[in-house]
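Residue numbers (the working numbering): 3 to 70.
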């Protein structure tokens, strides 16, 4: 198993990492709005955690691609 793992190009680790961040973004947007806001009185757009999760993941993807 070790030889098989070492034969995989390192590029695939980068692809898998980016795909995992994209999966988190998709999962965040699959959550219903009612679940995200709950019983909050102020449901302003900037309080939507899906937007913040997307922003953070996109920043992480950018950093990952730049410094990898």
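Ideal Cβ positions, reconstructed from N, Cα and C, are used throughout, including at glycine.
- Looking at 63, 64, 61, 56, the one whose alpha-carbon comes closest to that of residue 33 is 56.
- Residue 10 and residue 4 have their C-alpha atoms some 10 Å from each other.
- Between the C-alpha atoms of residue 51 and residue 62 there is a straight-line separation of about 16 Å.
- Take the alpha-carbon of residue 67 and the one of residue 39: they are about 32 Å apart.
- Secondary structure at residue 42: coil, using DSSP grouped into helix, strand and coil.
- Assignment of residue 53 by DSSP, reduced to helix, strand and coil, places it in the helix class.
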